[in-house]
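Residue numbers (the working numbering): 5 to 393.
All C-beta atoms, glycine included, are put in the ideal place defined by N, C-alpha and C.
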Amino acid sequence: MRYLTAGESHGPQLTMIIEGLPSGMPFSKEKVDEELLRRQKGHGRGRRMQIESDEIQILSGIRFGKTTGAPVALAIENKDWAKWTEIMSPEPEQEKADKRRVSRPRPGHADLNGAIKYGHRDMRDVLERSSARETAARVAVGAVAKQLLEFCGITIAGHVVRIGSVGTERIDPSQWTMEEIRATSEKSPVRCLDSAAEKAMIREIDEAKEEGDSLGGIVEVIVENVPVGLGSFVHYDRKLDARITQAIVSINAFKGAEVGIGFEAGERKGSAVHDEILWSEERGYYRKTNRLGGFEGGMTNGEPIVVRGVMKPIPTLYKPLQSVDIDSKEPFAASIERSDNCAVPAASVVAENVVAWEIAHALLETFTSDKAADLLREIEGRHREVKDF
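Written as structure tokens, this is what we have:
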């Protein structure tokens, strides 16, 4: 299974093509639109979220509420496009050399590196595609993957564990169900499970905004009821934990990822890191703890997948950092594009969906997947095998 996205921040639309979905999978447009709406929420979002109200158009691959096995094509309209038709026109005669041209690269963005790589003297040709607007397309794709996971009995949830200096303790899995995590995070404007930390996060976001500054943070994604053996130990590029962490770091502004206790494992002795193996007639093989976040040897071990990602503060600041004009080579305050001052709550939703895609991709790679019914039978068989092995 694979996908491609196309489109710019101020172009007419975002386009997604998904290839490899099994036929007969139930498909809901409303569930995709719901994920897109979740991405637009969160304390700290900017004015763009008041302009766009995202929903998908289904262009192919879906008939009577089910996948056909053909490529699924989706589109999301950019409503702001009406104000940018001349500036973003594909027609050569529409080019206006100085209209909204960007010659001052913003520190922390792709502007300068991308302009050098592709030879653009107007860095708008870089920032339009490198914009986080593209994450709307990735959420839509991930929302389709989520429907495949739901069909296969796999649940996923995400929440925010840190914004700026305010963090929360690791949650005790025995104290939370997936439904409770999802419901609690949905009610929180910062998607935090701790009400005291939530209030402190909101204060810190507001203070940063008043100062013209921005904040980053850490998000966590949990996936339950994943069959044993997704991924493989036989080659580096088939290790599923590696694919998931790559997907997390590929989200705009993310700079790191960890699985389970992650970097904390470097501070502990081995006996306080590795998860002991147990067996019961009811569950088959399982682990006493889940410090390794559901993975051993690059493969799922049946425990919940737990992955975290760290997002740097958004580099578009209303108190701009110094930059250099590529025409005059003189120092200037970097250009300001409309932006959030904290997008960590929204990034939590993006992280959920990119992880969902990687799990769905691994499912279809591991099990027979031309037809949804065959896929489900094979997954159920793997769950039985764990008890009988």
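Neighbour-count burial assignment, residue i, 16 or more Cβ in a 10 Å radius
i, result
"N345", "buried"
"K150", "buried"
"W361", "buried"
"S327", "buried"
"Y322", "exposed"
"A74", "exposed"
"T89", "exposed"
"I281", "exposed"
"F258", "buried"
"Y122", "exposed"
"N305", "buried"
"F155", "buried"
"A364", "buried"
"G216", "exposed"
"I66", "buried"
"L379", "buried"
"A261", "buried"
Contact under 8 Å by Cβ, residue i with residue j
i, j, result
"P231", "G46", "no"
"V145", "I255", "no"
"E307", "G298", "yes"
"M182", "I226", "yes"
"A147", "K316", "no"
"N229", "I158", "yes"
"V348", "G221", "yes"
"R49", "T139", "no"
"F371", "I383", "yes"
"S13", "S178", "no"
"V263", "E208", "no"
"T71", "M127", "no"
"V223", "A77", "no"
"K375", "P26", "yes"
"I167", "L116", "no"
Residue nearest to residue i in terms of C-alpha spacing, selected from the options
i, options, result
"T188", "I209, T172, G162", "G162"
"L152", "D37, S32, C196", "S32"
"G11", "I281, T89, E132", "E132"
"C196", "R174, G28, E215", "R174"
"E268", "I206, G302, R295", "R295"
"V164", "D331, E202, W180", "E202"
"D241", "G302, P30, T320", "G302"
"F23", "L380, L368, Q179", "Strictly speaking, residue 23 in this sequence is Glu, with Phe absent from that position. Cα-wise, what sits closest to E23 is L368."
"N357", "K70, V311, E184", "V311"
"H113", "P319, S332, A350, S373", "P319"
"M5", "R388, S373, S275, A377", "S373"
Sequence-distant residues of the same chain with beta carbon closer than 7 Å to residue i, five excluded per side
i, result
"A366", "L234, G235, L244"
"D198", "T172"
"W85", "H14, G15, P16"
"I248", "V311, V359, E362"
Chain B contact for residue i (CB, 8 Å cutoff)
i, result
"K292", "Judged by its chain identifiers, the structure shown contains no chain B, having just a single protein chain."
Close Cβ partners of residue i (< 6 Å) along its chain, the five nearest in sequence each way excluded
i, result
"D329", "S107, R108, F336"
"T293", "D279"
"Y290", "L282"
"A119", "M127, V130"
Bridge partners - residue i, DSSP secondary structure assignment
i, result
"W283", "Y289"
"K375", "S27"
"F299", "T304"
"E262", "R312"
"P335", "V328"
"E224", "H163, R312"
Neighbourhood of residue i by C-beta, 8 Å cutoff - its chain only, sequence neighbours within 5 removed
i, result
"A79", "Q17, L18, T19, M20, I60, Q61, L63"
"G40", "For clarity, residue 40 is Leu in the given sequence; the question names Gly instead. Contacts found: D58, E59, I60, I80, A140, V143, A144, A147."
"E103", "Here residue 103 is Lys; the residue named in the question, Glu, does not match the sequence. E90, I91, listed in sequence order."
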